[in-house]
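Before any comments, here is the structure.
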Amino acid sequence: MSLKYVSITTGFEDYMPKDYVDLVKYGQFGKEYDIQELGTYKELLEEHPMCAGCFMAYFVRVFYASLPNPEDSIVIGTAGCARLALSQAAVPFIYGNYGDTNAVASGLKRALKIRFPDKEKDVIVVAGDGGLMDIGFGMTMHSWFRGENFTTIMVDNEVYGNTGGQESGMTRKGIQLKMAPKGKKFDKINAVELAKASGCVYVARISPTNPKRLSKTIKRAILAARHFGPTFIHAYTSCNIEYSIPTEKVLEDARKREKEDFSFYEWMRDDVKEYLEQLENKKQQTPSEVKS
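According to the numbering used here, the sequence shown is numbered sequentially starting from 3.
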């Protein structure tokens with residue numbers, strides 16, 4: 003969890019796996035790339051066992067490419083589709099029990115602050131709608147009530163896609179699924195408003211159709227969490243299997259949902275907005291440099 007730990011000891015370069023050598027030399031550690039450069043450098047995530055055409059896998063790829071400091075980051079996930087890709091990246095990953103990711107993140111963030119008082123260590127929860135808004139609802143809410151300094155990202159596929167197709171609290175009203183044949187009986191949970199009311203200092207809803215906007219949103223959430231409190235991103239990541247979306251139509255579906263009910267929304271406290279704008283203006287004024 004630092005440049006020191008990922009660097010190769012002098013004299014051992016010829017004995018390390020080529021993928022690791024390339025990751026250190028040509029990857030994101032200690033560097034910062036624009037999302038438009040994706041594909042021109044060694045990525046933190048290059049392979050995964052998720053379904054062909056999975057929009058969640060695309061989101062996870064952009065997520066890792068957007069980390070401000072991957073060498074100082076830990077990702078926490080749980081049972082569900084996302085962890086299949088999250089656990090394959092060159093960033094420490096912790097598998098929390100289903101529903102307790104935000105409790106694990108709370109303890110980890112506090113411990114890291116004690117162990118590294120002068121260094122920012124980013125903790126990011128990436129979990130599905132079931133893990134965060136259904137079974138993990140209490141853990142999620144209370145981490146926000148307490149004002150914990152980490153980011154929560156909900157990859158919302160609107161179904162329990164990993165266990166057969168049960169409806170979740172984020173499934174839209176009336177939708178029929180394999181294990182909800184009569185259709186969802188109540189409205190989709192308004193996670194964005196819950197996050198705002200529960201103490202999050204930065205909240206965003208996004209259908210990840212625009213990589214540049216998605217990357218900026220992820221960066222903002224992580225940077226704001228360092229100093230101000232909990233942040234939350236609600237991302238639409240369709241399940242093309244349970245919703246029978248042809249692989250070639252996945253992006254088209256995301257754009258359709260963006261127009262219908264998943265339009266980009268961003269809210270933040272005034273002090274958070276001022277801080278982020280200062281950082282972004284400073285970055286525009288100076289060229290990207292290798293971090294020390």
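Virtual Cβ for every residue (Gly too), placed ideally from N, Cα, C.
All figures in this text were calculated on a predicted structure; none of them were measured in a lab.
I think G199 touches M141, with their Cβ atoms under 8 Å apart; what is that distance to the nearest whole Å?
-> It is Ala, not Gly, that sits at residue 199 in the sequence shown. Not quite, the Cβ-Cβ distance comes to about 17 Å (not below 8 Å), so this is no contact.
Which word fits I224, buried or exposed, when buried means at least 16 other C-beta atoms lie within 10 angstroms of its C-beta?
-> buried
Boundaries (first-last residue) of the beta strand (DSSP E) holding A206 = 204-208
Consult DSSP for I76 and reduce its assignment to one of helix, strand or coil.
-> strand
Local conformation of F95 per DSSP, three classes = strand
Determine the burial state of Q286: buried for a count of at least 16 other Cβ atoms within 10 Å of its Cβ, exposed for fewer.
-> exposed
If we ignore side chains and look at the alpha-carbon of each, how far apart do Y245 and I177 end up?
-> 10 Å
Exposed or buried, what is T249 when buried is set at 16 or more other beta-carbons lying within 10 Å of its beta-carbon?
-> exposed
If I'm right that G82 touches G130 with Cβ under 8 Å, what's the distance once you round it to whole angstroms?
-> 4 Å
With DSSP as the reference, label A54 as helix, strand or coil.
-> coil
Identify the residues that DSSP records as bridge partners of Y267: which are they?
-> R207
In whole angstroms, what separates the C-alpha of Y22 from that of S108?
-> 31 Å
Along the chain, where does the alpha helix (DSSP H) that runs through I220 open and close?
-> 213-229
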